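Mapping the sequence shown onto the numbering used here, position 46 (from 1) lands on 46, and the numbers just tick up by one.
Ideal placement from N, C-alpha and C gives every residue a C-beta, glycine not left out.
As the structure is a computational prediction, the values presented were derived from the model and not from experiment.
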Amino acid sequence: MELEPEDERILAGEYGETRQKMMEILVALGKVFGADRLVQIKSAQVSGASYKTIGKFGLEWLEHLNARAVVPAVLNPIGMPRDRWEEMDVDPEFADKQNVVISAYERLGIRLDCTCTPYYITSPKFGEHLAWSESSAVSYANSVIGALTNREGGPSALAAAIIGKTPCYGLHLTRNRYPQIAVNIQAFKNELDIAQYGALGYHIGKLVGNRIPYFMGINPDFDQLKALGAAMAATGAVALYHVKGVTPEAKKNLFEISNLDSITVESRDINQLFKPISAEAVAVGCPHCSPEELRNIAVLLLGKKVKIPFYIFAAKGVIDANKEIVESIEKSGARVFADTCMVVSPIMERYRSIMVNSGKALAYVPDMCGADTQIGTIKQCVAVATS
Ligand code: F3S
Numbered sequence: 001m002e003l004e005p006e007d008e009r010i011l012a013g014e015y016g017e018t019r020q021k022m023m024e025i026l027v028a029l030g031k032v033f034g035a036d037r038l039v040q041i042k043s044a045q046v047s048g049a050s051y052k053t054i055g056k057f058g059l060e061w062l063e064h065l066n067a068r069a070v071v072p073a074v075l076n077p078i079g080m081p082r083d084r085w086e087e088m089d090v091d092p093e094f095a096d097k098q099n100v101v102i103s104a105y106e107r108l109g110i111r112l113d114c115t116c117t118p119y120y121i122t123s124p125k126f127g128e129h130l131a132w133s134e135s136s137a138v139s140y141a142n143s144v145i146g147a148l149t150n151r152e153g154g155p156s157a158l159a160a161a162i163i164g165k166t167p168c169y170g171l172h173l174t175r176n177r178y179p180q181i182a183v184n185i186q187a188f189k190n191e192l193d194i195a196q197y198g199a200l201g202y203h204i205g206k207l208v209g210n211r212i213p214y215f216m217g218i219n220p221d222f223d224q225l226k227a228l229g230a231a232m233a234a235t236g237a238v239a240l241y242h243v244k245g246v247t248p249e250a251k252k253n254l255f256e257i258s259n260l261d262s263i264t265v266e267s268r269d270i271n272q273l274f275k276p277i278s279a280e281a282v283a284v285g286c287p288h289c290s291p292e293e294l295r296n297i298a299v300l301l302l303g304k305k306v307k308i309p310f311y312i313f314a315a316k317g318v319i320d321a322n323k324e325i326v327e328s329i330e331k332s333g334a335r336v337f338a339d340t341c342m343v344v345s346p347i348m349e350r351y352r353s354i355m356v357n358s359g360k361a362l363a364y365v366p367d368m369c370g371a372d373t374q375i376g377t378i379k380q381c382v383a384v385a386t387s
C-alpha cells in the first residue's frame, strides 16, 4: 500500500507511539483487504463505548492511548444516559466504570454524543468518505446519504479518527457499490409502518446475507429507510442497499439489474413476525429516534399514563433540540433517554419480555438481554404501555 511521506513518518513512530499504533492498524487492514492507499475521511463514529460490551480489557487498552482525533468523531451508545443514569436505575458500580470509559474517549478527542444516528447531529454529504462503525449508521450513511464507509470495528474507527484517514477498499470504491440482488416487494399495496419496514429488513437480511439489495415496489421515507437498513444489517451484513427511485445512487445511476438473482417478498413473511402482544417493558428508538418519531410518540401518548416502563432512546442533540416534545412525552411517565439503548444498557436484562418497534432490536434484544422480544407498530407499543 502506498503511503504519503507524512504517513510514513507516523508509521515510523515520529509522532508518538499511539499514532504509530493507529497507523499500523490502518495499514494492516489495508493490506488484508487489498487497499492501494489511504483516503481522507470527513468524520468517524466509534463503537465499543459501552462498558457492557468492551469490559475491563477494552478499557485498559483505551487508557493506554495518548493522541487526539483530527476529524470530527462521535461515540456509539454507551450503557447509560450520562446525565440521568440514577433515574434509569443503573448500578453505581457499572456507572463508575462507564464514566471511566467516557473519560478515556474524551481524552482522545472523541465527542461524547453517544448515538447510532450521528447523521442527525453531523452533516455527512453524498460522496464523502467516512469511517463509521455502528452497523445501522453505516447502512444509513451509505444507502440514504450516499456517503462512503465500510463497517469499521471500534479500533479501526478510532484509528481513522486519530489519523484522519482510512484504507481505500470495499465501499469506498464505486465499483463495489452496485446492486447484487433484486428484491421485489409486490405484496404491500398499503403504506407500511416503520416497524413493518423493520420487519421487512429483518426478513430480507436473512435472505441476502452481505449482498447489496436493490428494492423495487416500495417508497419509504427517511425513518422507514433507517428501520429497513438497521434490521438488514442485524440479520444479514448489509452495509449498503438501494431503493429504486428513492435512494441517491439508485436515482443517479441506471443500474443494470436484469442479470441479477431476484427474490419476491410475500406479506405473510412480514405479518408472521407480529405476534400477540404483552410485555413487561416497551423500548423504542433502535436506531435512535428522529425528531419526527418523537413527535409522533408525543401525539400518541397525549393525555395517557404508562402502566409499565416505556423507554424511548434518542441522540442528546435531538432531545435538546426538541425539549417541549420530550417534556410532553415524559408527562405520561415514559422516559426519553440519551446516550444509550435497549441493547447496550445492562438495565434491560431485568425484564423477561420486551416489546420493540424495530427489526434490529427484534434481532439483538433476545441475545443481549435474554428477554422474549416482540415487534409491534408504534401504536401497538403505546397501547401495550398504557393499557
Ligand atoms: Fe442503535 Fe442500540 Fe439499536 S446502538 S441501532 S439503538 S441496538
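C-beta atoms of residue i and residue j nearer than 7 Å
| i | j | result |
| --- | --- | --- |
| Val243 | Phe215 | yes |
| Ala314 | Cys341 | no |
| Ala160 | Ala44 | yes |
| Asn357 | Val265 | no |
| Arg111 | Val70 | no |
| Tyr169 | Lys97 | no |
| Val343 | Phe310 | no |
| Val27 | Ala157 | no |
| Ser133 | Glu152 | yes |
| Gly376 | Met355 | yes |
| Glu306 | Gly333 | Note that residue 306 is Val in the sequence shown, not Glu. Closer than 7 Å, so yes. |
| Lys304 | Thr386 | yes |
| Arg68 | Gly109 | yes |
| Ile181 | Leu65 | no |
| Ala279 | Ser353 | yes |
| Cys114 | Pro72 | no |
| Pro179 | Ile257 | yes |
| Gly164 | Gln186 | no |
| Ile277 | Val144 | no |
| Ile162 | Met1 | no |
For residue j and residue i, believed in contact at Cβ under 8 Å, the rounded distance
| i | j | result |
| --- | --- | --- |
| Ala137 | Pro155 | Not a contact, Cβ separation roughly 17 Å. |
| Ala227 | Gly201 | 7 Å |
| Leu240 | Arg177 | 6 Å |
| His172 | Gln40 | Wrong, their Cβ atoms sit about 11 Å apart, outside the cutoff. |
| Gly229 | Ser139 | 3 Å |
| Tyr351 | Ala234 | Between Ala234 and Tyr351 the Cβ distance is about 20 Å, and since that is not below 8 Å, they are no contact. |
| Lys316 | Asp339 | 6 Å |
| Pro346 | Gly79 | 6 Å |
| Leu11 | Glu24 | 7 Å |
| Pro213 | Val183 | 5 Å |
| Leu207 | Ile263 | 6 Å |
| Leu59 | Val100 | 6 Å |
| Asn322 | Leu301 | That pair is no contact at about 14 Å. |
| Val336 | Ile329 | 6 Å |
| Ala95 | Glu63 | So it is not a contact: roughly 18 Å between Cβ atoms. |
| Asn210 | Gly236 | 6 Å |
| Pro124 | Leu29 | Actually they are not in contact, since the Cβ atoms of Pro124 and Leu29 sit about 21 Å apart, beyond 8 Å. |
Residue i - containing alpha helix (DSSP H), residue span
| i | result |
| --- | --- |
| Ala234 | 222-235 |
| Gly205 | 194-208 |
| Ile277 | Premise fails: Ile277 is in no alpha helix (DSSP H) and is neither H nor E. |
| Leu301 | 291-301 |
| Thr18 | 17-32 |
| Gln380 | 378-386 |
| Arg9 | 5-11 |
| Arg268 | 267-271 |
| Ile185 | No alpha helix (DSSP H) holds Ile185; the beta strand (DSSP E) holding it covers 181-185. |
| Val39 | Where Val39 is concerned, there is no enclosing alpha helix (DSSP H), although the beta strand (DSSP E) it sits in stretches over 38-40. |
| Ile319 | 316-321 |
| Tyr105 | 92-107 |
Limits of the beta strand (DSSP E) - the one that residue i falls within
| i | result |
| --- | --- |
| Asp113 | 111-114 |
| Met216 | 213-216 |
| Lys165 | 165-167 |
| Met368 | Taken as a continuous stretch (DSSP letters only), Met368 belongs to no beta strand (DSSP E), being part of the alpha helix (DSSP H) at 359-369. |
| Asp372 | 372-375 |
| Ala338 | Ala338 -> no beta strand (DSSP E), and no H or E assigned at all. |
| Ser353 | 353-356 |
| Ala250 | Not the beta strand (DSSP E): Ala250 falls in the alpha helix (DSSP H), residues 248-252. |
| Val70 | It is not in any beta strand (DSSP E) - Val70 carries neither H nor E in the DSSP assignment. |
| Ala44 | 44-46 |
Sequence-ordered residues whose beta carbon comes within less than 7 Å of a heavy atom of the ligand F3S:
Asn76, Pro77, Cys116, Glu134, Ser136, Ala230, Gly285, Cys286, Pro287, His288, Phe313, Cys341, Met342, Val343, Val344, Ser358, Lys360, Ala361, Tyr364
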